[in-house]
Amino acid sequence: MYEINLVGIEFTITAWQLLIVKLLVILTVVPVGALAGGYAMHKELGHLQHRLGPMYAGGFHGWAQTLADGLKFIYKEDIIPANADKRVFTLAPAIIFVPVMLLFLVIPIDRSLIIEDLDVGLFYLLAIGSVGVIGVLMAGWSSANKYALIGALRSAAQLIAYELPIVLTAATVAMLAGTLSITGIVEAQDWPFILWPPGIGLIAFLIFLVGAIAEMNLPPFDMPVAESEIITGAFTEYSGMRFIFGFFFAEMAHIVAFSGIAATLFLGGYRPIVPWAPLENIPGVIWFFGKFAFMFFFIIWVRFTFPRLREDQLQKFAWKFMIPASLALVLAAGAWVLYAPESLWR
Amino acid sequence: MARTGEFIPDSSEISKQISTGRMQTEEMVLNVGPQHPATHGVFRLLATIDGEVLTNAEPIIGYMHRGYEKLVEARDYRQITNLVSRMDWLSGINNELPLAMSIEKLMGLEVPPRAQYLRVILCEMNRILNHLMFFASFGAELGAITPTFYAFREREDIQYVMETVTGGRMHFGFFRPGGLKEDVPKGFYAAALASVRQVIDRLYQYEDLLTGNEIFKGRTIGVGVLDKETAYSYGVTGPIARGSGIDMDVRKDEPYLVYDHFDFNVHTGPNGDCFDRFWVLVHEVVESARIVEQAIEAIPSGPIMGKVPRVVQAPEGEVYVRTENPLGELGFYLVSDGGNKPYRMKIRTPSYNNVSALPAVLKGTMVADMIAILGSFFFVLGDIDR
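As you go down the protein sequences, you meet chains A and B in turn.
For the first sequence, numbering that gives the first Met the number 0 assigns the number 0 to the initial residue and increments by one for each residue that follows.
For the second sequence, numbering that gives the first Met the number 0 assigns the number 0 to the initial residue and increments by one for each residue that follows.
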């Protein structure tokens, strides 16, 4: 039995009921978030590119456009190529989409509004976040298509190049915060970027962002899906719902999740941007969604502005700059935690 | 489990390959096209790849052959105009020009100066349209989608002006042997000037967004180098040849129409890589806009059609006329047996020769570079196959 106090309403609930509620929340939040994210992306894109974006579906500024798009894909035929490895081919989109859904488990929206406050939340995020590549590899290999194969291999080649900087910068955050729990990290941030010591948090944030963009396969690091080169890579042969869940939906949910993660780890999540008493009165949900929206806007902005790098250029960038820089950050954070006098801490 | 052994290659062989620094892997044949977004149509590239490196590339053309050289033999001279504007569909009016000029040369027709000026204006506006289109597609091929929409924004304005004159957006059908179909409407000069000046005013945005971008430079500088000798030997012309440092432009070398009245530069690139080709393309937009401005300032009044007999009938003989199409040198070799139809018409299109140089450039590049090179070769499928 759990006693719940949700926005002032108190009630008790059994463990099983709680689990079901949590599952239902995840199952609604992720698709709704991805749909809303898709709509926001279309709108932002429209304005960046001197056009309107969706305007008709649903009436008000085309709010139902992403719903209609999704519906269209449901009606499409699900084609499985004759030479494909059917079981692997059909399983791959799930392997890609489920980990993305699980990312939402540990993102706190407000002080107590978190689905599962794990003690090793950060570790969980990093572990779950990199599972999706297996799905991409499965999709690419089982499709029996050369473009899909190239895309899958590019995806695998890219894995270490961005995963290491992400892990190392996240480790920096964990060291400065002194905990792996996501809420613990947020509580440790009186200022965004865990501003003491100045600099480390900000640089870690930038490196994390670059790594996250690469992990999500967004331009300028979208070589695994490069539409003009290898035609969405591993997903060339997919159609209908599998294409949506393996590619479009997963990508959008990934962007939404990573915007939330970046806002939580580096921008102070549900806490005000400066520790000033009047700002504390504004609900944490508003702070969180403000920071989340900023991150989302930024990621989409980058996504549609830059040309694509080449695979070897990314590797050079990652191994010669990002990984050494993030190793240096870990060193600096470690030195700070060990030797900085107590008086300098906050 | 019993089969696992098959997949383990000889270990001594692998260590030898590693010590020589080159792992031998099996080559794979990759069909790029006929349906591929980077080929702008039904162009097929038979690529042999070793990992991501192209060991061989063979362009296969002909998927769009429509037999125009044969079709024109069954149509009289006035009907041909609408066929040739469909060869290079991005620069229709530039295709009509050498056709009209070849017929005029064979028949000895005089074209009034006003018509010549208007031809220059329309051709140069069409050149801007064409170059902006390739600017847009090149950005999209390198993964930057936004520049595409910027270029289309400017294209739309110019296209609208062209539409008010000719009534068409792609296939204009406006040049006739001896002159033009009709005079330009009221307000054309102001609209044309405004549209080309807007392009010049906004070119800095393109510079900020794409040409000056470090990633863009990293993807294009030193990639796909076409040296001068190779370019000469394959008969490469146009912005691609100029990108390789060949200073040739029919408008300067053999001025036709009234091009010798205008002050414009021919830009050449030093290295012949993708960036140089692209750089030349962007700068030609400026030069074309300058020509349009000068032509509108100096345009004389008068008739737009010379004295043309009721039946357009060329005397027996042959003639070759070449002009500077946006993509290169466009030549019409026209043979007449004295009738009202051509006896034979051989068309030398720029894209055909330009694409033939592709294998020499593509060998040894990576798949991603292959797309950049295809994009920087600025070809139109209809112009290759016609």
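For each residue, glycine too, the CB sits at the ideal point set by N, CA and C.
With a threshold of 9 angstroms between beta carbons, is residue i in contact with chain A?
i: residue 36 of chain B; result: yes
i: residue 29 of chain B; result: yes
i: residue 201 of chain B; result: no
i: residue 380 of chain B; result: no
i: residue 63 of chain B; result: no
i: residue 366 of chain B; result: yes
i: residue 208 of chain B; result: yes
i: residue 102 of chain B; result: no
i: residue 253 of chain B; result: no
i: residue 2 of chain B; result: Bear in mind that the predicted position of residue 2 of chain B carries a pLDDT of just 44, short of 50, making it too unreliable to give a figure here.
i: residue 72 of chain B; result: no
i: residue 51 of chain B; result: yes
i: residue 334 of chain B; result: no
Of all the CB atoms in chain B, is at least one closer than 9 angstroms to the CB of residue i?
i: residue 75 of chain A; result: no
i: residue 250 of chain A; result: no
i: residue 223 of chain A; result: no
i: residue 243 of chain A; result: no
i: residue 290 of chain A; result: no
i: residue 206 of chain A; result: no
i: residue 149 of chain A; result: yes
i: residue 219 of chain A; result: yes
i: residue 333 of chain A; result: no
i: residue 215 of chain A; result: no
What does DSSP give as the partner residues of residue i in its beta bridges?
i: residue 29 of chain B; result: B:46
i: residue 319 of chain B; result: B:332
i: residue 345 of chain B; result: B:332
i: residue 52 of chain B; result: B:49 and B:365
i: residue 304 of chain B; result: B:178
i: residue 324 of chain B; result: B:327
i: residue 57 of chain B; result: B:45
i: residue 40 of chain B; result: B:35
What residues of chain A sit near residue i, judged by a beta carbon separation below 8 angstroms?
i: residue 145 of chain B; result: 47, 48, 303 and 304
i: residue 425 of chain B; result: Residue 425 of chain B lies beyond the stretch modelled for chain B, which goes from 0 to 385, so this question has no answer here.
i: residue 148 of chain B; result: 48, 49 and 50
i: residue 152 of chain B; result: 49
i: residue 292 of chain B; result: Correct list: empty, because the minimum Cβ distance to chain A is about 25 angstroms.
Quick one, are the C-beta atoms of residue i and residue j less than 9 angstroms apart?
i: residue 117 of chain A; j: residue 180 of chain A; result: yes
i: residue 249 of chain B; j: residue 322 of chain B; result: yes
i: residue 326 of chain B; j: residue 125 of chain B; result: no
i: residue 146 of chain B; j: residue 205 of chain B; result: yes
i: residue 192 of chain B; j: residue 295 of chain B; result: yes
i: residue 326 of chain A; j: residue 158 of chain A; result: no
i: residue 72 of chain B; j: residue 47 of chain B; result: no
i: residue 62 of chain B; j: residue 382 of chain B; result: no
i: residue 230 of chain B; j: residue 174 of chain B; result: no
i: residue 200 of chain A; j: residue 139 of chain A; result: no
i: residue 92 of chain A; j: residue 134 of chain A; result: yes
i: residue 366 of chain B; j: residue 149 of chain A; result: yes
i: residue 121 of chain A; j: residue 264 of chain A; result: yes
i: residue 202 of chain A; j: residue 324 of chain A; result: yes
i: residue 305 of chain B; j: residue 177 of chain B; result: yes
i: residue 209 of chain A; j: residue 33 of chain A; result: no
i: residue 333 of chain B; j: residue 105 of chain B; result: yes
Give the residues of chain B in contact with residue i, contact being defined as C-beta atoms less than 7 angstroms apart.
i: residue 227 of chain A; result: 36, 37, 139, 140, 142 and 370
Which chain B residues sit within Cβ distance under 9 angstroms of residue i?
i: residue 298 of chain A; result: Result: empty, since nearest Cβ-Cβ is about 15 angstroms, beyond 9 angstroms.
i: residue 145 of chain A; result: 27, 28, 29, 30 and 48
Note down, in chain order, every chain B residue with its Cβ under 8 angstroms from the Cβ of residue i.
i: residue 230 of chain A; result: 35 and 36
Can you name the residues of chain A whose CB is closer than 7 angstroms to the CB of residue i?
i: residue 55 of chain B; result: The premise fails here: residue 55 of chain B is roughly 15 angstroms from chain A at the closest Cβ pair, so nothing lies under 7 angstroms.
i: residue 323 of chain B; result: Neighbours of residue 323 of chain B on chain A: none; closest Cβ ~29 angstroms, over 7 angstroms.
i: residue 214 of chain B; result: 219, 305, 306 and 308
Any beta-carbon of chain D closer than 9 angstroms to the one on residue i?
i: residue 321 of chain A; result: Of the protein chains in the structure, A and B, none is chain D.
Which residues in chain A sit within 9 angstroms of residue i, going by Cβ to Cβ distance?
i: residue 228 of chain B; result: Within 9 angstroms Cβ-Cβ: nothing; residue 228 of chain B doesn't reach chain A, min ~27 angstroms.
*Minimum length 4: unbroken alpha helix (DSSP H) runs contained in the stretch 149-182 of chain B*: none
*Fully enclosed by the stretch 248-315 of chain A, which alpha helix (DSSP H) runs are 4 residues long or longer?*
248-264, 276-279 and 283-302
_Continuous alpha helix (DSSP H) assignments of at least 4 residues falling wholly in the stretch 62-134 of chain A_ = 64-74, 85-102 and 120-128
*Could you pull out every unbroken alpha helix (DSSP H) segment of at least 4 residues lying fully inside the stretch 254-291 of chain B, listed in chain order?*
Listed in chain order, nothing qualifies, since the stretch 254-291 of chain B has no complete alpha helix (DSSP H) run of 4 or more residues.
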